[in-house]
Amino acid sequence: MKKKITSNIKKELEREFILEKPKDLSFGHYATPVAFSLAKELRKSPIIIAEELAKKFAKNEIFEEVNATKGYLNFKLSETFLDEYTTWALKNQDDYAKEKNDKSILLEFVSANPTGPLHIGHARGAVIGDTLCRLGRHLGYRVDSEYYVNDAGNQIDLLGLSIFLAGQENVLKQKVDWPDEYYRGEYIVDLAHKASEDFDKNIFSDKENIKILSDWGKDMMLQLIEKNLKDIGITFDKYVSEKSLYNKWDESFEKLQKNDKTYKKDEKTWIRSSDFGDEKDRVVVRDDGRATYLAGDIIYHDNKYQRGFDRYINIWGADHHGYIARVKAAINFLGYDESRLEIILAQMVSLLKGGEPYKMSKRSGNFILMSDVTQEIGKDALRFVFLSKKADTHLEFDVDMLKKQDSTNPIFYINYAHARVNQIFEKSGKKIKDVKDVKLENLNENAKNLLFNALLLPEVIEDTFNSRQVQRLSDYLILLASNLHKFYNENRVVGSENEQVYLKIFAMVALSIRTGLGLMGIEAKDKM
RNA sequence: GUCCCGGUAGCUCAGCAGGAUAGAGCACUUGAUUCCUAAUCAAGAGGCCACAAGUUCGAAUCUUGUUCGGGACACCA
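Each residue of the first sequence is one higher than the one before, counting from 147 in our numbering.
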């Protein structure tokens, strides 16, 4: 819709302009302050310029009216234009708000260490990533979703050790000297019990077995993570193992070396990341020959770029922000265009319970399990909370508040609007196919505005995706639901002389809500 | 000390590629149900947009400085 309008206006104005939405629909559906910027050029008052420009649109069919107010140019769309679009959308529901696009995107998110279940902080990145994925695909991009599995390194060793010691303590009933660092939490003890079943309890008597437990524990945790994600509607196209990429190190390393971006010092291999804005150079291979985490990420990004996507998006926790410079440096050193990689940082989530702060710590085991919250409030509410706030704001919410399943929860409000439409159709005994060809004419302002707002979904989706600001979609849906409720309260539909017309508009509203929620990974309810 | 994010209504947050009287939800007050679901709606109240300077015809929005809060500054991931 917006594209057609933009091109129509451009034809008349013959220049670039900003198209915005007026604060108040009574001004019009769209507006542009173009006369203000022309004022300087033409040395005339913006008010006069706007009036002159408005005249140019007298014969344009998609506008019912174009007027100039205080220097603004305001556009009112014609009913015919809105009606034609509505009819098309209702007939092509599966294609509604879709676009064509030939760009490809590799979207990496979650990538939590497989050393424990997902906690509530991971959920934020997960939900945002999954929704961007859905939005991108809807807009025609080829989006591949990927989870990078850190299945090597100290953390995994620590997992094995933790299970091993937990087994000694809980299965073999031995006294254990716990080190400073290890994974705490019930799940480690559970793993120890399960290990004694899957293997044998003697597995805890020989330290040599820690390696086996590491590997086994990692697999168990990965399965759990996959389930946690599936429970909130997320599946990945691909899980990429860090370990499996290690044999490509020589290849990546050679590229870096060729560009003279690595050097040896103190028996270690360093990368000159400070050449590219990093605070200092970083170690990539330790003096004992073990690769650092960064090395793994270098190989991984080399691998990503070799696959030739147009764009790469990583969603990281905000605590990784210091890591951006060195990864971008490495990508540049490998000979790639680092500006194709975009990193979205999901800020911290602080949880409250009954007003009390809940300190999260993965190490200590004192963290809120994502699965617990999913169970308490449901996946829809969980997804909605994270999608209604922008990623880079610190988010605080109270678990107890989210447990409430009443109107304070916006997801209910939106669903209620959708269910209402469905109920009205049932009451009227009509189906969408009965009204999709009804001609919309002589609509009153309220009906026309409701329809207009329903038709905004495509541009909201595009804006949401392009800006990566997921909350714009949820805000829009709340607004649309509110419009529907308001109209419902003011107008009788079933049995009225406008029944057919209103049903068509309502069907359009419901379609937008359903499509929008679907992109958020939430299925619209037909009944409450 | 350096870097990142944030400071907008009592609370949680939108708005920020500059533009018309600064918005929503929750909470609060008042009202609406012989009629399609009152799980709703309407009305009211609530604001030095952290502070200061600058750029501009115009700044919540851009720049700089200050301040407060959160986070990051590993050869851990």
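Think of the CB as a built atom: it goes at the ideal place given N, C-alpha and C, for glycine as much as any other residue.
About 6 Å separates the CB atoms of serine 360 and aspartate 303; that is less than 8 Å, so the two are in contact.
Shown here for alanine 476: same chain residues with a beta carbon closer than 6 Å to its own, the five before and five after excluded, namely Ile444 in chain order. By the CB criterion at 8 Å, leucine 533 and glutamine 646 fall outside the cutoff. The continuous beta strand (DSSP E) containing leucine 487 extends over residues 487-492. A residue is called buried once 16 or more other Cβ atoms fall within 10 Å of its Cβ, and tyrosine 622 is buried on that count. Note on the stretch 399-442: whole beta strand (DSSP E) runs with a minimum of 3 residues are 408-411, 414-417, 428-431, in chain order. Of the residues assessed, asparagine 460 falls on the buried side of the cut-off, its CB having 16 or more other CB atoms within 10 angstroms. In the DSSP assignment, isoleucine 151 falls within the unbroken alpha helix (DSSP H) covering 148-159. The residue among Ile356, Asp538, Tyr176, Tyr439 with its C-alpha nearest the C-alpha of leucine 391 is Tyr439. Of the residues Tyr242, Ile251, Glu160, Ile151, the one whose Cα lies closest to the Cα of isoleucine 208 is Ile151. Counted as a single uninterrupted DSSP element, the alpha helix (DSSP H) harbouring lysine 474 occupies residues 470-479.
In this structure, valine 317 places its C-beta atom within 8 Å of the C-beta atom of phenylalanine 350. Straight across, the Cα-Cα distance linking serine 420 with leucine 236 is about 56 Å. Around the C-beta of threonine 381, fewer than 16 other C-beta atoms lie within 10 Å, and the residue is accordingly described as exposed. If you look at lysine 202, you'll find it isn't in any alpha helix (DSSP H); DSSP assigns it neither H nor E. Nearest C-alpha to leucine 278 among Tyr293, Phe255, His268: Phe255.
Using a 10 angstroms sphere on the CB of tryptophan 234, the tally of other CB atoms stays under 16, which defines it as exposed. The Cβ atoms of lysine 244 and arginine 457 lie no closer than 8 Å to each other. Annotated as proximal: tyrosine 242 and leucine 657, with beta-carbon spacing under 8 Å. Linking asparagine 629 to threonine 226 through their CA atoms gives a straight-line distance of about 22 Å. If you draw a straight line from the Cα of glutamate 587 to the Cα of serine 224, it is about 10 Å long. For tryptophan 416 and glutamate 292, the gap between their C-alpha atoms comes out near 28 Å. Of all alpha-carbon atoms in Arg660, Gly262, Met654, the one lying nearest the alpha-carbon of alanine 600 is that of Met654. Shortest Cα-Cα distance from arginine 283 to any of Leu480, Leu253, Ala204 involves Leu253.
Segment contact: the stretch 261-271 against the stretch 357-377, three or more CB-CB distances shorter than 8 Å; contact assigned. With a contact defined as Cβ atoms closer than 8 Å, arginine 432 and lysine 414 qualify at about 6 Å.
Using a Cβ distance threshold of 8 Å, glycine 217 and isoleucine 193 count as a contacting pair.
Residue pairing for serine 250: DSSP places it in a beta bridge opposite Arg288. Per DSSP, reduced to three states, the secondary structure at tryptophan 324 is coil, with no helix or strand assignment. Runs of the alpha helix (DSSP H) lying entirely within the stretch 167-236 and spanning at least 4 residues, in chain order: 180-188, 192-201.
In the three-state reduction of the DSSP assignment, valine 295 falls in the strand class. At the C-beta level, isoleucine 356 and glycine 313 stay beyond 8 Å of one another.
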